[in-house]
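All remarks here apply to the structure that follows.
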Amino acid sequence: MEQRTHRTSQTSRTTLAAAGLVTLAVLLIPAVAWTRDAAQFYGTDMGGAFLGVYLPARLMALMGLTLMFFQFILSARLPFIESRFKRSSLLKTHRTAGKAAYLLVLLHGTGMLTFDLISSGEIFLYLENTVGLIALVLLTLAVLAAWFFKPLKLSRKHWRVIHFLTYLVFPMVVWHALALGSTVNSVRSLQILLHVFLGGYVLILGYRLYGVVRSRAVPSK
10 MEQRTHRTSQ TSRTTLAAAG LVTLAVLLIP AVAWTRDAAQ FYGTDMGGAF LGVYLPARLM
70 ALMGLTLMFF QFILSARLPF IESRFKRSSL LKTHRTAGKA AYLLVLLHGT GMLTFDLISS
130 GEIFLYLENT VGLIALVLLT LAVLAAWFFK PLKLSRKHWR VIHFLTYLVF PMVVWHALAL
190 GSTVNSVRSL QILLHVFLGG YVLILGYRLY GVVRSRAVPS K
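Here it is, written out as structure tokens:
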């Protein structure tokens with residue numbers, strides 16, 4: 010019995026370490042791509058706003074988007090993940106990734122608006138960045154609902170509706186990045202990564218919808 014428990018514990022640690030390495034490797038893709046793309050600008054006379062606000066805001070967007078994708082994976086209740094990790098651990102990691110992703114996306118949006126104001130004295134709104142702002146507002150609503158779930162006394166039904174906003178946000182953010190992202194459009198590996206994210210999102214969404222339809226099709230006893 011003790012040997013079985015020890016083997017199970019060792020397997021869990023190995024799986025956790027492997028998952029951590031995969032996550033780190035995926036996060037390094039946008040980080041390295043941004044570093045290589047941004048390095049050409051530092052040491053030039055591009056200006057403090059560009060170097061200190063605009064370029065870092067681009068990195069925050071890439072890292073935030075990557076964490077959002079991992080957040081979807083953690084909350085999808087995929088059998089091969091659920092069977093290897095405790096549900097409580099998955100939820101804790103899901104919340105942590107969500108907070109970090111939201112903070113990065115918020116700083117990205119704020120940084121871009123600040124750069125517009127500093128460089129030109131006004132904020133430019135067009136389709137691509139307007140979609141990004143709408144996504145940020147929807148994500149903010151979902152985050153506030155999660156943080157103040159108990160004080161607001163939200164029902165499970167209301168929570169599901171609000172949580173669904175995050176499923177609307179992700180494709181909007183990916184489209185925003187593909188249409189407007191300077192680093193994404195200049196680095197092929199990032200374009201591929203974002204299309205992989207989008208494909209994974211579609212599969213996860215299809216899996217979740219299939220689960221909902223299947224559960225409703227089963228007659229209650």
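Quick note: the sequence shown uses the numbering used here, first residue 10, plus one each step.
We put the beta carbon where it would ideally sit given N, CA and C, even for glycine.
Flag this pair as touching only if the segment 63 to 81 and the segment 206 to 220 have three or more C-beta atom pairs under 8 Å; answer yes or no. yes
Who are the Cβ neighbours of Y176 in its own chain at under 7 Å, not counting the five residues just before and after it? L214
State the start and end residues of the unbroken alpha helix (DSSP H) segment that holds R92. The question names Arg, yet the displayed sequence has Ser at residue 92. That residue, S92, is in no alpha helix (DSSP H); it is neither H nor E in DSSP.
Complete runs of the alpha helix (DSSP H) confined to the segment 35 to 93 [at least 4 residues]: 64 to 84 and 88 to 91
Anyone know if the C-beta pair for A154 and I171 falls short of 9 Å? yes
Pick from L116, S198, M121 and T53 that is closest to G73, judged by C-alpha positions: L116
In whole angstroms, what is the alpha-carbon distance linking F158 and P39? 33 Å
So for I132, helix, strand or coil by DSSP? coil
Rounded to a whole number of angstroms, what is the C-alpha to C-alpha distance between R16 and R169? Confidence at R16 is low in this model, with a pLDDT of 49, below 50, so the placement of that residue should be treated as unreliable; the coordinate-derived value is given next. One C-alpha to the other measures close to 38 Å.
When DSSP labels each residue in this structure, what does V196 get in the three-state scheme? coil
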